[in-house]
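Counting from 1, one number per residue, gives the positions in the sequence shown under UniProt numbering.
Virtual Cβ for every residue (Gly too), placed ideally from N, Cα, C.
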Amino acid sequence: MLLQPELKGVPPFKEQKILFIGAGSAATGIANLIVDMAVSRGGITKKEMEKRIFMVDAKGLVRKGRTDLFDFNVPYMHDIEDIKGNNEIVRKLGITGVIGVSGVPGLINEEMVKDLLKNVERPVVFALSNPTSKAECTAEQAYKWSGEKAIFASGSPFPDYNKDGKPYIPAQANNSWIFPAVGFALVTTRARHCPGKVFEVAAESLASLVKQEDLDHSNLLPPLNKTRDYSIDVAIAVAKYLYAEQLATVKIPEGKTLETFMKENLFWPPKEYTEHY
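Structure follows, in structure tokens:
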């Protein structure tokens, strides 16, 4: 998603200013991963990147002085004035991307998207709440309001959006891309523990599998029908990291590569259980 260098007009992590609509554990989990990946890419410190991420909940902007928040909110409790209204936050703070994890439909609106366009050429608009009825905006809305410039992803499926004969394919940022691959790598290698870094490795691996033809249609992820094929690639990347960091406890059999070893441990359910996928 934000990992793709081919997406012209999209600033790198260290130049983004991201507003999370929703400030629960899902928001902070995503934010923490963004911070870690930005730091890994260089040019910014953890504290500097945390200051570029803002959160809002039902009671307003997450900031210092509030006593109703959780420990996991602390890195994003900034010493700033209270700003009323999400649209005003986007304007005053120069937000370049919004990530909805609130479960409240309609919180990403046309005015907000148009204000994002004043701050960045191609804004990030992620409506990640499930199910579809809870998404902060639809794919069609994000594309229409932005003149097809939005970098869109959703937690629930949306139909393709067509403009002048060109299909725009909304990416479904679903756990099915990451968790099965990570789980398979951890179990197969019998890893001692699962550091947060494995999710960064998995995300980088998945991003590398996106083809230019996908990006040409604004699809930030490979087609969902490739999940089974590509999950093994992500799992192998995670396993390589686990072995490199001496976290894996299973020795690869002599004469076999890691790739061969991993593939031999795959299990596919019988056809009658998979014909609908």
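*Do you know offhand how far Ile236's Cα is from Phe72's?*
Our two residues, Ile236 and Phe72, have alpha carbons roughly 31 Å apart in a direct line.
*asked:* Using C-beta distances below 6 Å, list every residue in its chain close to Glu121, excluding the 5 sequence neighbours before and after it, in chain order.
replied: Within the same chain, and ignoring the five residues on either side of Glu121 in sequence, the residues whose Cβ sits closer than 6 Å to its Cβ are Gly9.
*Taking Met112 as the reference, give the member of Asn130, Arg63, Glu88 and Asn265 with the closest Cα.*
Considering only alpha carbons, the answer is Glu88.
*Can you list the beta strand (DSSP E) stretches of 3 or more residues lying completely in the stretch 131-175, in chain order?*
The stretch 131-175 contains these whole beta strand (DSSP E) runs: 151-154, 161-163 and 166-168.
*So the beta strand (DSSP E) Ile236 belongs to, where does it begin and stop?*
Per DSSP, Ile236 is not a residue of any beta strand (DSSP E); the alpha helix (DSSP H) it occupies stretches across Thr227 to Ala244.
*Taking just the CA atoms, how far does Glu245 sit from Val124?*
Taking the straight line joining both Cα atoms gives about 33 Å.
*According to DSSP, is Met77 helix, strand or coil?*
Three-state DSSP puts Met77 in coil, outside helix and strand.
*Cβ-Cβ distance between Lys14 and Ile34 below 8 Å*: Taking 8 Å as the Cβ cut-off, Lys14 and Ile34 do not qualify as a contacting pair.
*Look at Ile85 and Ser129 and say whether their C-beta atoms are less than 8 Å apart.*
Ile is not the amino acid found at residue 85; the sequence shown has Gly there. No, the pair does not count as a contact, with Cβ atoms beyond the cut-off.
*What are the start and end residues of each continuous alpha helix (DSSP H) run of 4 or more residues lying completely inside the stretch 23-62, in chain order?*
The alpha helix (DSSP H) runs lying completely inside the stretch 23-62 and spanning 4 residues or more are 25-41 and 46-50, given in chain order.
*Using only alpha-carbon positions, find the residue among Glu254, Phe267, Ala26 and Pro223 that is nearest to Ala185.*
Out of Glu254, Phe267, Ala26 and Pro223, the CA that lies nearest to the CA of Ala185 is found in Phe267.
*Nearest-angstrom Cα separation, counted from Lys256 out to Ala127*: Between Ala127 and Lys256, the C-alpha separation is close to 43 Å.
*Can you give me the Cβ contacts of Leu209 inside the same chain, cut-off strictly under 7 Å, excluding the 5 residues immediately before and after it?*
Around Leu209: Pro222, Tyr230 and Asp233.
*Tell me whether Val187 sits in a helix, a strand or coil according to DSSP, three-state version.*
Looking at Val187 - three-state DSSP - the assignment turns out to be helix.
*Would you mind sorting Ala181 into buried or exposed? The rule is 16 or more other CB atoms within 10 Å of its CB.*
Residue burial is scored here from C-beta neighbours: Ala181 has at least 16 other C-beta atoms within 10 angstroms and is therefore classed as buried.
_Limits of the unbroken beta strand (DSSP E) element including Thr13_ = Sequence inspection shows Phe at residue 13; the Thr mentioned does not correspond to that position. No beta strand (DSSP E) contains Phe13, which DSSP labels as neither H nor E.
_Let's test the definition: count the other Cβ atoms within 10 Å of the Cβ of Gly103 and tell me whether it reaches 16, buried, or not, exposed._
Result: buried.
*DSSP puts Val124 in a beta bridge; with which residues?*
Gly97 and Ile151, per the DSSP bridge assignment.
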